[in-house]
Amino acid sequence: MLDFAVLKYRNQKLSEQLAVHKFEYHALEGKFDDLKQKQKAHHETQDLANKSWEHLVRDLKAISACKSGFQNPSCSAGPSNVSTDGTCIPKDKDFLSRLVETGATESSGCHLENHVHSSSTDVLQNILFSSNDSWHANKKSLLDLFAALPENERSRELRTTGTELSLQLNDAIQELSDLHLKHRRLTEKHHEERCLNARSKAEQKLLKEELASAVAELEESNHKLAVLKAQGDPTHGTPILFPTLGNKSLPEDNVRDKQKELQDLEACHKEFTDLISQRLVEIRRLHEDRIEILNKLSTFQNTLMDFKSISSSKAFQVLKDQLQKSQAELDHCRMLLEKLQVNKDKLIWQEREVNVKVDLSGIPHRVSLNCESSIAVLEQNRQKVVDEKNMLALKLEESSREPGRNQIISEFKALVSSLPGEMGAMQTELSKYKDDASELHSLRAEVHSVSDILARKEHTIDESLCRSAHAGSETRGLRSRVCELRQTNCELKLFVEMYKRDSTDSRDLLESKDGEYCEWAHVHSLKSSLDESRLEQRVKVAIEAEAMSQQRLASGEAEIAELRGKMESARRDIGSLSELLKSKHEEGEAYLSEIESIGQAYEDIQTQNQQLLQQIIERDDHNTKGAETGILCAKAQEYVPFSLATPSYMSFCCQLVSWTILQQNILSFHFY
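Under the working numbering, the letters of the sequence shown match residues 598 to 1269, in that order.
Here you go:
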């Protein structure tokens, strides 16, 4: 019974310790979740840094490719450094390998290391080749200059100062190589720390698995204890294992085995608690290392934002000089293009003027042709009228030979005499119509020429507006290009200065670097002020050109308004002349209708004249017949005796005479 109580007590202690371990395990799970969230944020920051790094590498690769196109890629590097395994490596390759390894450890993941390594190697190789070429060129030019100097005191002093400066520069380069070596060692240490961190994470995972297995074993032991407790339940009297103190039914070896198992479990639990405490200490240390890495990453990001060092680099300055040269060439080509455009506009203007002159010279010819055709038609009409006049004159002469027609002939003569006056009036009206038509054609030609001039002015104004808009867009593009170049200059300065400040230096070197940075900053400020002044001058020139174009536009608009006023006045004149011409046409139509009515009346008179001539002939016939009857009557009276002249016969003769007289009177009445 005592052994069972001891076992129960130990089981209770183990259950309490298990609850404590469960609580600690849950706390560790919460911390692990927090670490996962922080690691997620860290991965997002790392992805952003990778994207920024790739963008920077692409820009630097493009700029370095443009720069390396003018350099010789087969230049020899400087002296060699010794790597960790004892092999000799050139300085430029050593620097490239260190720089790429630093970038790969601090700003990229394992899945991008090869791509970043190749691109960064290309970029830095181009930059180093360009810097080595410029260094060798400067060194060669310095030696040539020293060789060309005369032998005097100043030249000797200059040579001594040059050699001292070259020695100092070589010392600085040697110190820089030492710094790069230190930086390489630090990167190797950092890489080892990363490996240790990964190893500790793997061990932590194994410990979690072992802890889970230990928890499973503890649960199994709890289950076994519950079974033992159920077997020793007091409802069954005495326990099965220990029914009485003197009962020896079960062997004591089983109890000892159970005690031994419990002792082993306690020892294992103690070992697990010690191991968990050690792992917690390691986790805290790793958390501190992670915080330190994050701090380094933040400092690296802050150094990446320093754009002044990049803009003061020699490669950026050379690129800037090339940009200025290309800009000057572009301005020269633009000036030539503008001159050619002006000459082209002049030629087009002259060609249009020649075309207008040709059109204006063709207008009088067309007017003369129209006038000649109308004159020919009028001449034909006049000839017809003259022929009709001659025919009427002949008819009048023929009719004048007949007696009793003087009044009719006089009327016809008056009508014929009035016809030339009317014809002259009609000819004067027709000449007026011709003059009005020629004036109308000339006004139409002037309106056409004015409209052509107005269209040309509008076209020139549109072209000037397009050129001003193009110039404004070019100025905006140049401004944006200058801003981009400044930004890339700052990025290049940052990239160059980032690795200069990455290692620990001595106090003298730091002071010299600070002085150099101050001088570089002063030079950069002077260059930026010079660039700003040049940009301001160019902006002023662009503003003046825009003002001149605006003035030209205003003058062109004024000329357009004046030409529009002239065109409106010409249109009004054309309207008035068209109305006048319309009225003249109406008058001409009235004259023509009157002439037609006169011709119709003349034809009617001619028909009446023929009828009257026929009546006159008939009357003459009747007169001759009456005269013949009178003669016959007289002869009959002469032959008839007086005694035979009866009253009836006399009355018959009187009736016959009266009938003939009445017939003559009727004919004369019809004639008149």
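Where is the CB? At the ideal position from N, CA and C, for every residue including glycine.
Buried versus exposed call for residue i [16 or more other C-beta atoms within 10 Å across all chains shown]
i     : result
A795  : exposed
C1087 : buried
K1090 : buried
A811  : buried
V974  : exposed
N608  : buried
T1085 : buried
L933  : exposed
T784  : buried
R781  : buried
K610  : exposed
I660  : buried
H777  : buried
H652  : exposed
M988  : exposed
R1216 : buried
V654  : buried
L916  : buried
H788  : exposed
H884  : exposed
R876  : buried
H866  : buried
Residue i versus residue j - alpha carbon distance
i     : j     : result
A864  : S797  : 25 Å
Q979  : A990  : According to the sequence provided, residue 979 is Arg. The question's Gln does not apply to it. Taking the straight line joining both Cα atoms gives about 16 Å.
L862  : K619  : 17 Å
E800  : N735  : 57 Å
K941  : R1064 : 15 Å
R753  : Q938  : 59 Å
V955  : S1039 : 14 Å
T841  : L632  : Bear in mind that a pLDDT of 37 at T841, under 50, signals an unreliable position, so the number given afterwards is only what the model happens to contain. Approximately 57 Å between the Cα atoms of the pair.
L1127 : G627  : 60 Å
K658  : D644  : 20 Å
S965  : M1145 : 48 Å
G930  : E1081 : First, the residue type needs correcting, since residue 930 is Cys and not Gly in the sequence shown. Approximately 24 Å, taken between the alpha carbons.
Q921  : R1131 : 11 Å
L615  : E814  : 11 Å
T1072 : N952  : 39 Å
K605  : L793  : 44 Å
E816  : H639  : 38 Å
V878  : A624  : 15 Å
H820  : A827  : 11 Å
I1213 : N1206 : 10 Å
E761  : L1123 : 28 Å
D1170 : L1209 : 56 Å
I972  : D984  : 18 Å
V824  : S818  : 10 Å
P831  : K855  : At P831 the pLDDT is 45, less than 50, meaning the model places this residue with poor confidence and gives no usable figure here.
R881  : A646  : 26 Å
A744  : D775  : 33 Å
G1223 : S1190 : 48 Å
S649  : F629  : 30 Å
A1011 : E1026 : 23 Å
A1068 : Q924  : 14 Å
With three or more C-beta pairs closer than 8 Å as the rule, is the segment 940-950 touching the segment 1149-1169? no
Okay, do the segment 1175-1183 and the segment 1021-1034 touch, 3+ Cβ pairs below 8 Å being the bar? yes
Check whether the segment 1075-1083 touches the segment 1183-1193, counting contact only when three or more Cβ pairs, one atom from each stretch, lie closer than 8 Å. no
Contact the segment 854-874 vs the segment 800-810: 3+ CB pairs below 8 Å: yes
Any contact of the segment 1127-1139 with the segment 1016-1023, i.e. 3+ C-beta pairs under 8 Å? no
Taking one C-beta from the segment 1155-1174 and one from the segment 1046-1055 each time, how about it: are there three or more such pairs within less than 8 Å? yes
For the segment 742-782, which segments carrying the beta strand (DSSP E) assignment without a break, of at least 3 residues, lie completely within its bounds, in sequence order? none
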